[in-house]
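Enquirer: Shown below is the structure under consideration.
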Amino acid sequence: MQQKKTKNEERIAGGPCLDCGMEHSLSAGDARSHCRQLMQFLENEQRIDLLASPGQADPRLSTASLFGKSRGKMFGIMVCRAADGSERILRAFSGQYNGLWELPGWSPPLFDVGTFTRIYVDIEPRIKQLGRELELAEHGSSQWRDLTQRRRQISRQWMQEIHALYLLHNFRGQQRLLSDVFGGSGGIPTGTGDCCAPKLLNQAVKEKLIPLGLAEFYWGRENASQTRQHSRFHPSCASKCVPILGFMLCGLEAVTKQHGIL
Ligand SMILES: [Zn+2]
Ligand SMILES: [Zn+2]
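Counting along the sequence shown from 1, when you hit position 64 you're at 379 in this note's numbering, and nothing is skipped either side.
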């Protein structure tokens, strides 16, 4: 699936936009050279707390876990132009980092972390409890079927509540819920909206920055399906990002043209 093209013009992120019927995309620009600098930092410092001095380093932000059982992670950089013409670099990691959603120097998630945590704290123990009861129930018995169904219902309700927290922004000034944007069939995959590209785009819109380029790379032990390898660049994922990036990039061409950027 990996494209052979290595030029900066290669499409890095994008997807179909259900609003205007166009395909919107973003290329790498010079984001890859900034990624290489970040890789150098990760290599030398073995941590992701960019703003802390080595003495203040938070052990939770060490990169050691990326090479262990929980495997590696995607990191992304977006090069942007600010209103005053200066260059701004945004950075993101996919998902959470050792249980942390928000870290200084990194783009935040697409939802309010406090609300997310309240829902999690409420539902997670109920699912765990059902899991424990399931282990004790005889497989295939009516009690087992009942517990399985209840757990499925609660999980579905949880996912719906979580997806309703994700607010996607675009360059036309629109904002929309993840569930209203997602065009894929068969439900929204877990983790949609948690990749680097949507985090970076959301932050760019909120801070009125114009994205010029984007690149994402994988850092750590290769993933279970061996599709991602240490220090390799990867385009945005097809299952979670392509269905939402069209909406998120809508309006960027017009903004770019308006500012005379080619
Ligand atoms: Zn993705
Ligand atoms: Zn559009």
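Ideal placement from N, C-alpha and C gives every residue a C-beta, glycine not left out.
1. Can you grab the Cα-Cα spacing for the pair L529 / P550, in whole Å?
2. Considering only heavy atoms of ligand 1, does any lie closer than 7 Å to the CB of K555?
3. Are at least three pairs of beta-carbons, each pair with one atom in the stretch 338-347 and one in the stretch 385-398, less than 8 Å apart?
4. What's the call for Q518, buried or exposed, on a 16-neighbour Cβ count within 10 Å?
5. Suppose you measure from the CA of Q355 to the CA of A328; what does that come to, to the nearest Å?
6. Relative to ligand 1, is the shortest distance from any of its heavy atoms to the C-beta of S470 smaller than 7 Å?
7. Using only alpha-carbon positions, find the residue among C511, S540, I438, K384 that is nearest to M563.
8. Report back the beta-carbon spacing between E476 and I442 to the nearest angstrom; my notes put them in contact at under 8 Å.
9. Rounded to whole angstroms, how far is the Cβ of L480 from the Cβ of F431, which I believe are closer than 8 Å?
10. Hey, how far is the Cα of K572 from the Cα of F390?
11. For S385, which three-state DSSP category applies?
12. Indicate the three-state DSSP secondary structure (helix, strand or coil) for I576 in the structure shown.
13. Per DSSP, which one or two residues make a beta bridge with Y533?
14. Taking 7 Å as the cut-off, is the beta-carbon of H509 closer than that to any non-hydrogen atom of ligand 2?
15. In chain order, what are the residue ranges of uninterrupted alpha helix (DSSP H) at least 4 long that sit wholly in the stretch 492-551?
16. So, with DSSP's three-state summary, where would you put S377?
17. Specify, as a first and last residue, the run of the beta strand (DSSP E) that H484 falls within.
18. What whole-angstrom Cβ distance do S422 and R406 have, given they're in contact under 8 Å?
19. If you run the structure through DSSP and keep just helix, strand and coil, what is F587?
20. Would you mind sorting C332 into buried or exposed? The rule is 16 or more other CB atoms within 10 Å of its CB.
21. Suppose the cutoff is 6 Å on Cβ atoms and the five residues either side in sequence are ignored; what does the same chain contact list for R491 look like?
22. Would you call the CB atoms of P466 and G488 closer than 8 Å?
23. Between the Cα of G410 and those of G508, P419, T378, spot the shortest distance and give me the residue it belongs to.
24. What's the gap between the Cα of W459 and the Cα of K521?
25. Against chain D, does Q371 count as a neighbour if the rule is that its beta carbon must be under 8 Å from one of theirs?
Expert: In terms of the structure at hand:
1. The alpha-carbon atoms of L529 and P550 are separated by roughly 9 Å.
2. Yes, since a heavy atom of ligand 1 falls inside the 7 Å radius drawn around the Cβ of K555.
3. These segments touch.
4. Looking at its Cβ environment, which holds 16 or more other Cβ atoms inside 10 Å, Q518 is buried.
5. Rounded to whole angstroms, Q355 to A328 spans 24 Å at the Cα level.
6. False, no ligand heavy atom lies under 7 Å from that Cβ.
7. Cα-wise, what sits closest to M563 is C511.
8. Incorrect: roughly 13 Å between the Cβ atoms, too far for contact.
9. Indeed, because the Cβ distance is near 6 Å, the residues count as touching under 8 Å.
10. Each residue's alpha carbon lies about 28 Å from the other.
11. Here S385 sits in coil by DSSP.
12. Residue state, collapsed to three classes: coil.
13. Within the DSSP bridge table, the entry for Y533 names M389 as partners.
14. The identity of residue 509 in the sequence shown is Asp, whereas the question assumes His. Distances from the CB of D509 to the heavy atoms of ligand 2 are all 7 Å or more.
15. Within the stretch 492-551, the runs of alpha helix (DSSP H) that reach at least 4 residues and sit entirely inside it are, in chain order, 493-496, 511-521.
16. Strand.
17. For H484, the enclosing beta strand (DSSP E) starts and ends at 482-484.
18. With a contact defined as Cβ atoms closer than 8 Å, S422 and R406 qualify at about 7 Å.
19. What is shown of the chain runs 316 to 577, which leaves residue 587 out entirely.
20. Under this definition C332 is a buried residue.
21. Same-chain partners within the cutoff: L483.
22. The amino acid at residue 466 is misidentified as Pro; the sequence shows Arg. No, the pair does not count as a contact, with Cβ atoms beyond the cut-off.
23. Closest by alpha carbon: G508.
24. Going from the Cα of W459 to the Cα of K521 covers about 48 Å.
25. As a matter of chain content, chain D is missing from the structure shown, which is built from one protein chain.
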